[in-house]
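For reference, the structure is listed below as C-alpha cells.
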Amino acid sequence: MARRIEQYLPRQFLELVKDISEQAAEQGQSIYLVGGIVRDMLLGYPNFDIDLVIEGDAVKLAQHVAETSRARLLTHHRFGTAKLKYENFTLDLATARKETYSRPGALPTVTPGTLKDDLFRRDFSINAMAISLASNDYGKLVDPYSCKSDLEHHLIRVLHPESFSDDATRILRGACYEQRFGFEFETETAHLLERDIPMLDTVSGDRIRHELEHIFEENRPEIVIKRLGELGVLHRITPYLESDGWIAEKFDKARHLNKPTQLPSLYFCLLIYSFSEKEIEQFLARLNIPAKLSRVMRDTLGIKDRLPLLDKPSVKPSEIYYLLRDYEHLAIQANAIASESATIHRHLQLFLAKLRYVKTSLDGEELKRLGISAGPEMGKILRILHKAKLDGEVKTRADEGNLALSLKAGDFPIDPKHPRD
Ligand code: ATP
Ligand code: MG
C-alpha cells in the first residue's frame, strides 16, 4: 500500500503526514488513515476527505502540530476530535473511540478505544479499514474484520446484527453506497435492513435530513431515491413520498439547468412536488426542515397552484411579474423544471432572466421634481410606470415623464378589477 499512498495523495499532504506521524510517534501515539479514503484508494476512486484516527489523544496531537505549523486549529474536546485547516486542505483527526447505544436511534455514548473498536463502530465493512501511517509500518492495511474481501466482492455488509437498529440512518447510507458503486447488500445484511426499516421512526428529523442532503450530493441521487422507494424507506419517512420516473427525469433536468450549489434545495422541491398542503407540512415537520428551505418548498407548491394563470400565451409581462414577485426564486426555478407546458416554462424563465430586474428610470425624487407629492398618489404612479415599462409601453425616461405627468393630471387608467388600485 505504501506505493499506492504515494501515488494517490497530494505531495503536500504526504510531507505533512510524515511530519505529523513523527510527532505522534514522539508522543507514543499511532496514526492511521481511515474510512472513505481507504475504501476509495482500494477502489481507485479519487477522494481527498482525509480522515485520520489516532490511538491516543487526537486533540493533544493536533495542538502540538498546530504550534509547529501554519495550520488553523479547531477542537472538540468532548468528542476527542480536531481539525487542522491548511491553505488548500483540511485534516480531520479523531481519537480512536468505542461507541455504545443506550437505545435505538439515540446518540451513542462515546469512550476512548482502540483502532479495532473504532473500526467496529463504523456503518459498513467497506468503510471499516485503516492504513497505518507510522514510519515503522507505513502503508500497512489494518483489516481486523476481513473487510477487503467484501470490497472485492462488491458487497455492503454491516459489522454486527444490531447495526441498523442502533442507527437506522445507516439504511439510507447503505443504499447510497450500493447505488454509487453498483454494489449489492450481502444476504444477511439485506434481511437485517428489511427487518429494521421500522427503526427509522427512532431517528430524529435532523439526522434523516442530513442523510438526504448527503444523497443529494451524489452524481445521480435519483437512483438512490428510487432504491429507497423499492426498499420501503421513503414510505416509512413520509407515507406520501414516491420515487417514480417523473422524479428521475426532473432531477436530471435540474442538474442540467442549475448551479451545483442550488441543486440540493431544488431536489427537495421536486421530491415534494406532488404533495398537498397537509402532506408538505408533515414532511417539513418530520425532517425538521430549516425555515429558509421550508419557505422555498411551500412557495413551490404555492406557485404550482397558480400556474394555470401563466398558461395563456396572451398573459402580459406585468401580470407575470406581479404574480411571481413575492415568491422565492428557487421555487420559480423548481416550477420551470417541473411544468410540462412550454408556455408556462417560457413565462417563468422570462421572469427569472428579465422581468425581476426591470426598474423604472424615474424614482420618487424625480417624480417630486415633476410636482408629484410623496404619498399614496406617488406610490400608484410608480406602480403604473413600472407596469408600463414591463409591458414595453414606455421605453425612455421621457416616455416615463410624459406618462407620470398625464397621470398627475388625473388621467388614471381605471382597472375594472381593482377600481381603487
Ligand atoms: P462519502 O464518500 O460519502 O463522504 P465517507 O465514507 O467519507 O463517504 P462520511 O459520511 O464522510 O462518509 O463519513 C465518514 C466515515 O464515518 C465513514 O466512512 C464511516 O466509516 C463513518 N460513519 C459515518 N456515518 C456513520 C454512521 N451513521 N454510522 C457508523 N459510521 C458512520
Ligand atoms: Mg466523507
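Using the numbering used here, you'd call the opening residue of the sequence shown number -6 and step up by one each time. Ideal placement from N, C-alpha and C gives every residue a C-beta, glycine not left out. Please read these numbers as outputs of a predicted model, since none were measured by experiment.
In the DSSP assignment, find the beta strand (DSSP E) that holds residue i and state where it starts and stops.
{"i": "V289", "result": "Here V289 belongs to no beta strand (DSSP E); instead the alpha helix (DSSP H) covers 284 to 299."}
{"i": "K305", "result": "That residue, K305, is in no beta strand (DSSP E); it is neither H nor E in DSSP."}
My guess is that residue i and residue j are in contact by the Cβ rule of under 8 Å, so how many angstroms apart are they, rounded?
{"i": "T107", "j": "E92", "result": "T107 to E92, Cβ: 13 Å. No contact."}
{"i": "N120", "j": "G29", "result": "6 Å"}
{"i": "R166", "j": "D116", "result": "5 Å"}
{"i": "V151", "j": "L185", "result": "6 Å"}
{"i": "A55", "j": "L77", "result": "6 Å"}
{"i": "I43", "j": "F6", "result": "7 Å"}
{"i": "S158", "j": "Y138", "result": "Their Cβ separation, rounded to whole angstroms, is 19 Å, which puts S158 and Y138 out of contact at 8 Å."}
{"i": "I164", "j": "D194", "result": "Not really, about 12 Å apart at Cβ, beyond 8 Å."}
{"i": "F209", "j": "P283", "result": "15 Å between Cβ atoms; not a contact."}
{"i": "A18", "j": "A51", "result": "Rounded, the Cβ-Cβ distance is 15 Å, inconsistent with contact."}
{"i": "I377", "j": "L360", "result": "Wrong, their Cβ atoms sit about 11 Å apart, outside the cutoff."}
{"i": "I230", "j": "G132", "result": "Contact doesn't hold; Cβ gap of about 42 Å is too wide."}
{"i": "S23", "j": "A161", "result": "With 8 Å as the limit, S23 and A161 do not qualify as a contact, their Cβ atoms being about 32 Å apart."}
{"i": "G98", "j": "M192", "result": "7 Å"}
{"i": "A89", "j": "P105", "result": "7 Å"}
{"i": "I330", "j": "K243", "result": "6 Å"}
{"i": "I325", "j": "I296", "result": "6 Å"}
{"i": "L280", "j": "R202", "result": "4 Å"}
{"i": "G394", "j": "L363", "result": "7 Å"}
{"i": "A168", "j": "L221", "result": "5 Å"}
{"i": "R173", "j": "E211", "result": "6 Å"}
{"i": "M(-6)", "j": "L134", "result": "5 Å"}
{"i": "A327", "j": "T293", "result": "5 Å"}
Hey, quick one: how far does the alpha helix (DSSP H) through residue i stretch, first residue to last?
{"i": "K11", "result": "4 to 19"}
{"i": "D392", "result": "390 to 401"}
{"i": "K243", "result": "238 to 250"}
{"i": "M441", "result": "Outside the displayed range of the chain (-6 to 414) lies residue 441, so it cannot be described from this structure."}
{"i": "P214", "result": "214 to 223"}
{"i": "R362", "result": "357 to 362"}
{"i": "F261", "result": "256 to 264"}
{"i": "S311", "result": "310 to 317"}
{"i": "R339", "result": "335 to 346"}
{"i": "Y1", "result": "-5 to 1"}
{"i": "R279", "result": "270 to 279"}
{"i": "R349", "result": "Premise fails: R349 is in no alpha helix (DSSP H) and is neither H nor E."}
{"i": "Q326", "result": "322 to 331"}
{"i": "I230", "result": "226 to 230"}
Ranges of the beta strand (DSSP E) found wholly within the stretch 26 to 83, counting only runs of at least 3: Runs of the beta strand (DSSP E) inside the stretch 26 to 83: 43 to 48, 65 to 69, 74 to 78.
Stretch-stretch touch, CB-based, cutoff 8 Å, three pairs: the stretch 244 to 253 with the stretch 286 to 300: A contact between stretches requires three or more CB pairs, one per stretch, nearer than 8 Å, and the stretch 244 to 253 fails this requirement with the stretch 286 to 300.
Segment contact, 8 Å Cβ cut-off, at least three pairs: the stretch 332 to 346 with the stretch 376 to 391: Short answer: they don't touch.
Closer than 6 Å to the ligand MG: residues, by C-beta to nearest heavy atom, in chain order: Listed by chain position, these are G29, D42.
Inside the stretch 88 to 170 only - alpha helix (DSSP H) runs reaching at least 4 residues: For the stretch 88 to 170, whole alpha helix (DSSP H) runs of length 4 or above, ordered along the chain, are 108 to 113, 141 to 145, 156 to 159.
Meets three-Cβ-pair contact criterion under 8 Å: the stretch 352 to 359 and the stretch 320 to 336: Too few Cβ pairs lie closer than 8 Å, so no.
Ordered list of alpha helix (DSSP H) runs contained in the stretch 170 to 204, each at least 4 residues: Counting whole runs of 4 or more residues, the stretch 170 to 204 contains the alpha helix (DSSP H) stretches 180 to 189.
Contact the stretch 47 to 67 vs the stretch 130 to 147: 3+ CB pairs below 8 Å: Contact between the stretch 47 to 67 and the stretch 130 to 147 is absent, because fewer than three Cβ pairs lie under 8 Å.
Segment contact flag, the stretch 220 to 237 with the stretch 297 to 309, C-beta cutoff 8 Å, min 3 pairs: Contact between the stretch 220 to 237 and the stretch 297 to 309 is absent, because fewer than three Cβ pairs lie under 8 Å.
Inter-stretch contact (C-beta, 8 Å, three-pair minimum) for the stretch 383 to 403 and the stretch 362 to 370: A contact is defined here as three or more CB-CB pairs under 8 Å, and the stretch 383 to 403 meets this definition with respect to the stretch 362 to 370.
Cβ contact (3+ pairs, closer than 8 Å) linking the stretch 212 to 229 and the stretch 265 to 272: Touching, no, given that fewer than three Cβ pairs across the two stretches are closer than 8 Å.
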